[in-house]
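Before any comments, here is the structure.
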Amino acid sequence: MTDFDPETRRQIEELRELFRPHLAERLREIEAAWESVRPGGNLGGDPDSLRRLHRLAHSLSGAAGTFGYPEVGTAARALERGLEPWLPGKAAEPPEITGVVVPLLALLAQATAAAA
Amino acid sequence: MTETALRRILFVEDDLDIQKVAKLALEALGGFSVLACASGFEALDAVGGFAPDLILLDVMMPGMDGPATLEALRQLPGAENIPAVFMTARVQAHEIAGYRALGAVDVIPKPFDPMRLSETVRGIWDTLPR
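Here it is, written out as structure tokens:
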């Protein structure tokens, strides 16, 4: 078979369409994870939730790009990178996380809505 | 250059959407036999029975990440020398050097084009020394 095999391309397109509703689901998961990370706008000493939020953003960035939604992938990557100064073990002592994450989440929501 | 044909690929990826599309692409376009595992732990259980020619490994996975999985695989009889390729979005030069230092033969950047994945994997395989 070649990489232009039409049947495989059709199946991949089908998977892409099946993935589309997952964008909104994944965004909801990310938003829920953010809610658990920011009691009162700070981390509240919950490194596991933060790690999970980071992992969800990372996962969406890879999946969205692979399935042909590059804007969502880029926005998710920005969120992933934006969270990194706060990950456990990092030396940085950045200012308020909310000021960084909320705008990135808004961009992600916008990109996801545009892709839906 | 390799003289042995690439037939069996163990694919370790926790994201089920990516797992599905990569498996389809590798099987349908590459003609490979692919066993997909959702975690490093699954891979450790499966590798002996499947006897892959090549292992494709996601880097960031919960529980046991790609590097830890590779390290554990290397302790298993028969899996010590199976070529491993990481799949990751972290592909800056120093990051790639780090993966190679861990024993990966190459790195496939994420996101990837499913229609090109088989070709990329075969290209890596063809460069491996025998």
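Going down the list, the sequences are from chains A and B. With the first letter of the first sequence counted as 1, position 103 gets the number 103 in our numbering; the numbers rise by one all the way through. In our numbering, each number is its position in the second sequence, counted from 1, plus 116. Ideal Cβ placement from N, Cα and C applies to all residues, glycine included.
DSSP-derived helix/strand/coil call for residue 150 of chain B
strand
With distances taken Cα to Cα, identify the nearest neighbour of residue 174 of chain B among B/147, B/131 and B/239.
B/131
If you draw a straight line from the alpha carbon of residue 168 of chain B to that of residue 125 of chain B, how long is it in whole angstroms?
5 Å
Along chain B, in chain order, which residues have C-beta atoms closer than 7 Å to that of residue 55 of chain A?
176 and 178
Would you call the CB atoms of residue 136 of chain B and residue 66 of chain A closer than 8 Å?
At the C-beta level, residue 136 of chain B and residue 66 of chain A stay beyond 8 Å of one another.
At a Cβ threshold of 8 Å, is residue 65 of chain A touching chain B?
yes
Alpha carbon of residue 23 of chain A to alpha carbon of residue 79 of chain A, nearest angstrom:
15 Å
Coarse secondary structure for residue 106 of chain A, derived from DSSP in three states
helix
Interface residues of chain B around residue 81 of chain A at Cβ under 8 Å?
Those do not exist, as residue 81 of chain A stays about 10 Å from chain B at its closest Cβ, beyond 8 Å.
Would the region 199-208 of chain B and the region 216-230 of chain B be scored as touching if the rule is three or more Cβ pairs under 8 Å?
yes
Which value, in whole angstroms, describes the spacing of the CA atoms of residue 160 of chain B and residue 170 of chain B?
14 Å
Report yes or no: is there a C-beta of chain B within less than 8 Å of the C-beta of residue 97 of chain A?
no
Mind checking who residue 172 of chain B pairs with in its DSSP beta bridge?
B/127 and B/201
In terms of alpha-carbon separation, which member of B/128, B/143, B/120 and B/122 lies closest to residue 5 of chain A?
B/143
Please report the Cβ distance between residue 109 of chain A and residue 27 of chain A, rounded to the nearest whole angstrom; I am assuming they are in contact, meaning their Cβ atoms lie under 8 Å.
6 Å
Residue 100 of chain A by DSSP, collapsed to three states: which one?
Residue state for residue 100 of chain A is assigned as helix, using DSSP reduced to three classes.
Top-ranked residue by Cα proximity to residue 31 of chain A, from A/74, A/15 and A/57
A/57
Give me the Cα-Cα distance between residue 114 of chain A and residue 157 of chain B, rounded to the nearest whole angstrom.
As the crow flies, the alpha-carbon of residue 114 of chain A is around 37 Å from that of residue 157 of chain B.
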